[in-house]
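Novice: Residues in the sequence shown are numbered consecutively from 1, following the UniProt record's numbering.
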Amino acid sequence: MIDVYLFSGFLGSGKTTLLKHMIGQVKAQGLKPAVFMNELGQTNFDSDSVDDGVPLKELLDGCICCSGSEKSEAQIQTLLAEETFDVLMIETTGAAHPVEALDAIFSPLFAERLNFKGIITVADSKRWLSRDELSPQIRSLFLEQIRHADLILANKMDLLTEGEQAKTIFELQSLNPAAQIIQTVHSKVPFKQLEKTTAKKSDDVVKAPVAKLNLDTRVLRFEAGVKRERFEEWLRTLPDTVYRIKGYVPLEGDKYPHAFQYAYGMAQWLPEYMKMQPQIVVIGEGLEGVELP
Ligand SMILES: Nc1nc2c(ncn2[C@@H]2O[C@H](COP(=O)(O)OP(=O)(O)OP(=O)(O)O)[C@@H](O)[C@H]2O)c(=O)[nH]1
Numbered sequence: 001m002i003d004v005y006l007f008s009g010f011l012g013s014g015k016t017t018l019l020k021h022m023i024g025q026v027k028a029q030g031l032k033p034a035v036f037m038n039e040l041g042q043t044n045f046d047s048d049s050v051d052d053g054v055p056l057k058e059l060l061d062g063c064i065c066c067s068g069s070e071k072s073e074a075q076i077q078t079l080l081a082e083e084t085f086d087v088l089m090i091e092t093t094g095a096a097h098p099v100e101a102l103d104a105i106f107s108p109l110f111a112e113r114l115n116f117k118g119i120i121t122v123a124d125s126k127r128w129l130s131r132d133e134l135s136p137q138i139r140s141l142f143l144e145q146i147r148h149a150d151l152i153l154a155n156k157m158d159l160l161t162e163g164e165q166a167k168t169i170f171e172l173q174s175l176n177p178a179a180q181i182i183q184t185v186h187s188k189v190p191f192k193q194l195e196k197t198t199a200k201k202s203d204d205v206v207k208a209p210v211a212k213l214n215l216d217t218r219v220l221r222f223e224a225g226v227k228r229e230r231f232e233e234w235l236r237t238l239p240d241t242v243y244r245i246k247g248y249v250p251l252e253g254d255k256y257p258h259a260f261q262y263a264y265g266m267a268q269w270l271p272e273y274m275k276m277q278p279q280i281v282v283i284g285e286g287l288e289g290v291e292l293p
């Protein structure tokens, strides 16, 4: 399995700086890193930070979250098909909600190959102290990135007085009591600290991991084809806390499993012209009782 780390954090907080350190350290351990970068603009200036020889894929001018997640999936799939590597580091845009960015990683296509290690959020400590100046929308994203982290780097500590440093750590910890917080300057942290990070996991059925707030994922496999009606009936019985389903559903009588998407109670079926693994990933809270019909 390939370990996957998701780097989150507000614009300019120090994600690319972290990426550079991590690439060096991963290599020094004799492991091979690969990088997936997401930029909102059409050009990725940060890609120069990635050494030659490190497999790199980019999603430009779109967000890894929401509408961009399918493109991201395709890019990650290409990376897996074309390259051999041990660690995948994903840098999201500063505008991405970290939990939405997980969508691309939780694809059923990768369930057997990717081991999600967690969300590492680089928090700009200086900005944290002046967060009240941000617009409510941006502030809320800023807080979400910290709230959902498995590991928080309280970065840019060099710009704070001792008193401000203590205040920042206390406040960050109050916002996300479960996360480990490390104070950093220029995102300097040993890769070993990241390796210790684990995203919350559920039972054996879970192949993909979990973000905070009890978000679980389950991979459910089909043994045989199902009737579409029966499957849609089953969807209606799911609790509201199932936020997302995607994968491939084999329908009785059809040659190939259909591509299937479900979000906000709405289902979408798409024909598929290749034999994909008949399995779906379910993402939500309280998924213990969720079984296929
Ligand atoms: N003073 C100070 N500057 C830092 C620190 N960490 C990063 N920087 C600087 O902050 C700027 C932004 O750092 P990046 O690593 O590019 O930030 P980013 O999160 O990748 O930025 P985006 O990709 O635009 O979201 C750079 O000029 C860094 O040198 C730090 O701990 N202290």
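Glycine included, every Cβ here is placed at the ideal spot set by N, Cα and C. Remember, predicted model here, so these are calculated numbers, not experimental data.
Taking just the CA atoms, how far does Arg113 sit from Leu18?
Specialist: Roughly 24 Å separates the two Cα atoms.
Novice: Cα separation between Phe7 and Thr121?
Specialist: Near 6 Å, if we compare the C-alpha coordinates of Thr121 and Phe7.
Novice: Would you mind stating whether residue 300 and Glu232 have Cβ atoms separated by less than 8 Å?
Specialist: Here the chain covers residues 1 to 293 and nothing more, so residue 300 does not appear.
Novice: For Glu73, does the count of other Cβ atoms within 10 angstroms reach 16, so buried, or fall short, so exposed?
Specialist: Classification of Glu73: buried, given that the 10 Å Cβ count is 16 or more.
Novice: Can you name the start and end residues of the beta strand (DSSP E) that residue 366 belongs to?
Specialist: Lying outside 1 to 293, the shown extent of the chain, residue 366 is not represented and no answer is given.
Novice: Mapping the DSSP letters down to three states, classify Ala267 as helix, strand or coil.
Specialist: It is a strand residue.
Novice: How many angstroms separate the CA atom of Glu144 from the CA atom of Asp254?
Specialist: When rounded, the distance between both Cα atoms is 42 Å.
Novice: Which runs of the alpha helix (DSSP H) spanning at least 4 residues fall entirely within the UniProt domain "CobW C-terminal" (215-291), listed in chain order?
Specialist: Those alpha helix (DSSP H) runs which fall completely within the UniProt domain "CobW C-terminal" (215-291) and span 4+ residues are 228-236.
Novice: Using 8 Å as the threshold, is the segment 142-160 in touch with the segment 181-189, meaning 3 or more CB pairs across them?
Specialist: Touching, per the Cβ criterion.
Novice: Output the boundary residues of the alpha helix (DSSP H) element that contains Ser8.
Specialist: Counting along the chain, Ser8 falls outside any alpha helix (DSSP H), though it belongs to the beta strand (DSSP E) covering Ile2 to Gly9.
Novice: CB of Gly12 to nearest heavy atom of ligand 1: below 7 Å?
Specialist: Indeed, a heavy atom of ligand 1 lies less than 7 Å from the Cβ.
Novice: Using three-state DSSP, classify Val99 as helix, strand or coil.
Specialist: Three-state DSSP puts Val99 in a helix.
Novice: Alpha carbons only, please: which of Leu102, His97 and Ala96 is nearest the one belonging to Ile76?
Specialist: For Ile76, the nearest C-alpha among the options comes from Leu102.
Novice: Taking Lys196 as the reference, which of Arg230, Gly118 and Phe222 has the closest Cα?
Specialist: Comparing Cα positions, the closest option is Gly118.
Novice: Please determine whether the Cβ atom of Leu194 lies at a distance below 7 Å from any heavy atom of ligand 1.
Specialist: Leu194 Cβ: outside cutoff for every heavy atom of ligand 1.
Novice: How many angstroms separate the CA atom of Lys20 from the CA atom of Val50?
Specialist: Approximately 7 Å, taken between the alpha carbons.
Novice: At a cut-off of 7 Å, would you count residue 296 as near ligand 1, judging by its Cβ distance to the nearest heavy atom?
Specialist: What is shown of the chain runs 1 to 293, which leaves residue 296 out entirely.
Novice: Report the three-state DSSP secondary structure of Gly41 (helix, strand or coil).
Specialist: With a pLDDT of only 46 at Gly41, under the threshold of 50, the placement of this residue in the model should not be trusted, and no figure is reported.
Novice: What residues match up with Leu114 in a beta bridge as DSSP calls it?
Specialist: Note: Leu114 sits in a beta bridge opposite Ile2.
Novice: From the DSSP output, which residues share a beta bridge with Lys57?
Specialist: Paired residues: Phe36.
Novice: For ligand 1, is there a heavy atom less than 7 Å away from the beta-carbon of Val185?
Specialist: Yes - ligand 1 has a heavy atom lying nearer than 7 Å to the Cβ of Val185.
Novice: If you draw a straight line from the alpha carbon of Gly247 to that of Arg236, how long is it in whole angstroms?
Specialist: Cα-Cα distance, rounded: 18 Å.
Novice: In three-state terms, what does DSSP make of Glu83?
Specialist: Correct three-state label for Glu83: coil.
Novice: Rounding to the nearest angstrom, what Cα-Cα distance links Lys15 and Trp128 in this structure?
Specialist: Rounded to the nearest angstrom, the two C-alpha atoms are 16 Å apart.
Novice: Near Val87, which residues of its chain fall below 6 Å by C-beta distance, leaving aside the five closest residues on each side in sequence?
Specialist: Correct list, in chain order: Asp3, Val26, Leu31 and Pro33.
Novice: Could you check where the alpha helix (DSSP H) with Gln29 kicks off and where it finishes?
Specialist: Gln29 -> no alpha helix (DSSP H), and no H or E assigned at all.
Novice: Please list, in chain order, all residues of the same chain as Leu159 whose beta carbon is under 8 Å from its beta carbon, the five residues on each side excluded.
Specialist: These residues qualify, in order along the chain: Ser125 and Lys126.
Novice: On the criterion of 16 or more Cβ atoms from any shown chain inside 10 Å, does Arg218 qualify as buried, or is it exposed?
Specialist: That one is buried.
Novice: Please list the terminal residues of the continuous alpha helix (DSSP H) segment that includes Ala166.
Specialist: Residues Glu162 to Leu175.
Novice: Could you tell me the distance, in whole angstroms, from the CA atom of Ile146 to the CA atom of Leu56?
Specialist: When rounded, the distance between both Cα atoms is 26 Å.
Novice: Identify, in the order they occur along the chain, each residue of the same chain with its Cβ nearer than 7 Å to the Cβ of Phe106, setting aside the five sequence neighbours on each side.
Specialist: Counting only Cβ-Cβ distances below 7 Å, and skipping sequence neighbours, we find Ala208, Thr217, Val281 and Ile283.
Novice: Is Lys167 near ligand 1, judged by its Cβ being under 7 Å from some heavy atom?
Specialist: It does not: the Cβ of Lys167 is nowhere closer than 7 Å to a heavy atom of ligand 1.
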